[in-house]
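K.L.:
Chains as they are written, first to last, in this note's numbering: chain F, 197 to 454; chain S, 739 to 987.
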């Protein structure tokens with residue numbers, strides 16, 4: 197374990213390098229380039245807004261901001277894990293040519309997603325200004341909430357990167373999980389709208405807690421509930437530990453198995 | 739000059755040859771329950787022991803599939819050996835047959851930065867060296883062209899230039915000159931000679947016997963994962979040629 201950590205420290209420069217090259221490759225051959233990381237969520241926001249405010253007539257206070265914040269928080273998770281999914285397989289030529297710690301592509305996927313998160317948060321700021329919404333100071337709690345989410349992303353990114361290199365199925369399974377997660381997380385509805393049985397189960401999923409907490413500190417000026425914090429930390433710790441164990445089991449032989 | 743920079747002891751490596759390609763979980767489950775052995779083991783390297791001294795150029799020859807590339811990958815930590823020890827003093831850079839693992843969608847410059855960072859250099863050290871790398875590779879016009887538009891010779895030149903500019907203690911060259919033109923080959927050999935003089939070690943794999951004979955201090959003939967001969971280049975080449983001759987009868 198120490199040796200993995202020591203190696204990581206020596207090659208930490210590559211983390212950002214990979215993150216940047218991930219972004220470059222992602223938007224290659226596109227006219228609008230990195231602007232897509234902003235346009236994409238905005239278009240989705242437009243669709244969801246029209247569907248849920250005019251067709252389903254949800255009555256949520258400050259719905260555009262509620263929706264945008266939920267989307268941004270979810271996108272961070274979605275981007276981080278889905279970039280991690282292909283991070284080793286897309287570099288198969290690379291890792292069979294030159295040695296570097298196997299954790300780096302997965303971890304750098306988290307960094308890539310964090311860079312995208314920052315651009316999206318700028319949009320959120322612009323939206324708040326345009327809609328004349330002044331958040332209370334509790335919005336600063338978004339920082340630890342996103343940090344917690346970042347740890348969750350890394351905990352999933354590591355096992356996903358090696359699992360996908362070994363079993364191509366991972367990609368498809370994860371796609372379905374992300375799809376389900378999008379609907380089961382209170383992004384375009386409020387958690388209270390769900391029936392009680394559903395709430396009892398879903399409260400254990402970390403993303404439900406993270407999105408709920410983000411809404412609370414930004415829109416209602418409330419601190420997250422102790423329950424939310426405990427549920428989130430508990431579930432994320434379990435995921436990180438299991439994720440690391442999976443990663444450690446597969447990482448050494450991954451080049452040969454690919 | 740007698741200091742040892744690469745020390746390999748009793749290294750063995752087995753591969754699994756999967757006969758039906760099982761890469762999905764469903765297939766794995768099916769295979770698990772059917773209890774049929776779905777792979778056989780293939781001994782790629784068997785008890786390899788050798789060392790390379792500082793300032794020495796060490797050649798490795800052998801047929802395709804004799805374990806040369808596997809050995810180089812173990813030396814560069816890409817594969818883990820099943821048993822045995824690999825001890826390397828200082829930095830090691832492998833220039834394997836297909837380059838330095840360049841990303842086809844990124845430009846030459848970006849790729850140099852990426853490889854340089856991977857090899858543990860700081861941003862400043864790399865940006866100081868980029869021009870030298872490009873110049874040595876004679877790719878001034880192509881510095882901001884994506885690698886996917888490079889010819890294989892250009893890629894190889896870029897890989898070699900990057901590797902030598904990084905100035906490793908041990909340089910691994912696998913079939914590097916198969917694609918370079920004559921001028922560049924000459925330049926490469928001059929650089930390699932300079933490396934040797936400065937006490938660096940070079941491990942050199944080639945199917946072309948002339949450079950092995952002319953430049954290597956010692957050579958090893960690998961035969962089906964085992965060391966057949968290790969000694970002067972002439973001895974190693976002689977037993978390789980002898981072996982090939984016997985096979986043809």
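Beta carbons: idealized from backbone N, C-alpha and C, even for Gly.
Provide the residue span of the beta strand (DSSP E) that contains residue 786 of chain S, from first to last.
P.N.:
Counting along the chain, the beta strand (DSSP E) containing residue 786 of chain S begins and ends at 777-791.
K.L.:
Excluding the 5 residues flanking residue 739 of chain S on each side, which residues of the same chain have their C-beta closer than 6 Å to its C-beta?
P.N.:
Only weak support is given to the placement of residue 739 of chain S: the predicted model assigns it a pLDDT of 49, under 50, and the value that follows is read from those uncertain coordinates. Excluding positions up to five away in sequence, the list reads 793.
K.L.:
Taking Cβ positions, are residue 294 of chain F and residue 856 of chain S nearer each other than 8 Å?
P.N.:
Closer than 8 Å, so yes.
K.L.:
Taking Cβ-Cβ distances below 8 Å as the criterion, which residues of the stretch 220-232 of chain F are in contact with chain S?
P.N.:
Listed by position, the residues of the stretch 220-232 of chain F near chain S (Cβ gap below 8 Å) are 220, 221 and 224.
K.L.:
How about the stretch 362-381 of chain F and the stretch 394-405 of chain F: do they share at least three Cβ pairs that are nearer than 8 Å?
P.N.:
Output reads yes: the stretch 394-405 of chain F touches the stretch 362-381 of chain F.
K.L.:
What are the boundary residues of the beta strand (DSSP E) that residue 831 of chain S is part of?
P.N.:
Unbroken beta strand (DSSP E) run through residue 831 of chain S: 830-833.
K.L.:
Residue 957 of chain S lies in the beta strand (DSSP E); which residues open and close that run?
P.N.:
Per DSSP, residue 957 of chain S belongs to the beta strand (DSSP E) from 956-961.
K.L.:
Could you pull the start and end residues of the alpha helix (DSSP H) that residue 755 of chain S belongs to?
P.N.:
First-last for residue 755 of chain S: 742-756, but that is the beta strand (DSSP E), not the alpha helix (DSSP H).
K.L.:
Take residue 777 of chain S and list the residues in its own chain whose beta-carbon comes closer than 8 Å to its own, dropping the five residues that flank it on each side.
P.N.:
Cβ neighbours of residue 777 of chain S beyond the five flanking positions: 754, 755, 756 and 757.
K.L.:
Should residue 283 of chain F be flagged as near chain S, meaning a C-beta pair shorter than 8 Å?
P.N.:
For residue 283 of chain F, the answer is no, since every Cβ of chain S falls outside 8 Å of its Cβ.
K.L.:
Would you call the stretch 307-322 of chain F in contact with the stretch 272-288 of chain F, where contact means no fewer than 3 C-beta pairs closer than 8 Å?
P.N.:
Taking 8 Å as the limit for Cβ pairs, the verdict is that the stretch 272-288 of chain F does touch the stretch 307-322 of chain F.
K.L.:
For residue 198 of chain F, is the classification buried or exposed, using 16 other Cβ atoms within 10 angstroms of its Cβ as the cut-off for buried?
P.N.:
Because residue 198 of chain F sits at a pLDDT of 42, beneath the cut-off of 50, its placement in the model cannot be relied upon, and the point is left open.
K.L.:
For residue 746 of chain S, which option in S:886, S:825 and S:820 has the closest C-alpha, if you only look at C-alpha atoms?
P.N.:
Of S:886, S:825 and S:820, the residue nearest in Cα terms is S:825.
K.L.:
What is the DSSP secondary structure of residue 809 of chain S, counted as helix, strand or coil?
P.N.:
It is helical.
K.L.:
Measuring CA to CA, which of F:418, F:278, F:267 and F:437 is closest to residue 360 of chain F?
P.N.:
If we check each option's Cα against that of residue 360 of chain F, F:278 comes out closest.
K.L.:
From residue 936 of chain S to residue 904 of chain S, what does the alpha carbon distance come to, in whole angstroms?
P.N.:
Those two C-alpha atoms are separated by around 14 Å.
K.L.:
Between residue 685 of chain S and chain F, is the shortest Cβ-Cβ distance under 8 Å, so that the two count as touching?
P.N.:
The question about residue 685 of chain S has no answer, for chain S in this structure spans 739 to 987.
K.L.:
Applying the 10 Å Cβ sphere with the 16-neighbour rule, what's the burial state of residue 411 of chain F?
P.N.:
Residue 411 of chain F comes out buried.
K.L.:
Tell me, please, whether the CB atom of residue 307 of chain F is closer than 8 Å to any CB atom in chain S?
P.N.:
With 8 Å as the cut-off, residue 307 of chain F does not count as an interface residue toward chain S.
K.L.:
I'd like to check one pair, residue 357 of chain F with residue 301 of chain F: are the Cβ atoms closer than 8 Å?
P.N.:
For residue 301 of chain F and residue 357 of chain F, yes; Cβs fall inside 8 Å.
K.L.:
Quick one: does residue 839 of chain S have its CB under 8 Å from some CB of chain F?
P.N.:
It does: the Cβ of residue 839 of chain S has a partner Cβ on chain F nearer than 8 Å.
K.L.:
If residue 795 of chain S sits next to residue 953 of chain S, beta carbons under 8 Å apart, how far is it from one beta carbon to the other, in whole angstroms?
P.N.:
Indeed, because the Cβ distance is near 6 Å, the residues count as touching under 8 Å.
K.L.:
Sort F:213, F:368 and F:268 by Cα distance to residue 853 of chain S and report the nearest one.
P.N.:
Of the listed residues, the one whose Cα sits closest to residue 853 of chain S is F:213.
K.L.:
Would you please verify whether the beta carbon of residue 798 of chain S is less than 8 Å from any beta carbon of chain F?
P.N.:
Judged by the 8 Å Cβ criterion, residue 798 of chain S is not in contact with chain F.
K.L.:
Is the stretch 260-268 of chain F touching the stretch 379-391 of chain F, taking contact as three or more C-beta pairs under 8 Å?
P.N.:
As far as the Cβ criterion goes, the stretch 260-268 of chain F touches the stretch 379-391 of chain F, which means the pair count is three or higher.
K.L.:
Check for me: the alpha helix (DSSP H) holding residue 379 of chain F runs from which residue to which?
P.N.:
Unbroken alpha helix (DSSP H) run through residue 379 of chain F: 365-380.
K.L.:
To the nearest angstrom, how far is the alpha carbon of residue 803 of chain S from that of residue 962 of chain S?
P.N.:
Going from the Cα of residue 803 of chain S to the Cα of residue 962 of chain S covers about 7 Å.
K.L.:
Per DSSP, what kind of secondary structure is residue 388 of chain F in: helix, strand or coil?
P.N.:
The answer is helix: DSSP assigns residue 388 of chain F an H, G or I state.
K.L.:
Between the C-alpha atoms of residue 899 of chain S and residue 922 of chain S, what's the straight-line distance to the nearest angstrom?
P.N.:
The straight-line gap from Cα to Cα measures roughly 11 Å.
K.L.:
Please confirm whether residue 215 of chain F has its beta-carbon closer than 8 Å to some beta-carbon of chain S.
P.N.:
Answer no: the Cβ-Cβ gap between residue 215 of chain F and chain S never drops below 8 Å.
K.L.:
Could you name the residues of chain F that residue 844 of chain S contacts, counting a contact when the two beta carbons are closer than 8 Å?
P.N.:
The contacting residues are 217, 220 and 221.
K.L.:
In this structure, what does DSSP give as the bridge partners for residue 894 of chain S?
P.N.:
BP columns for residue 894 of chain S are empty, so no partner.
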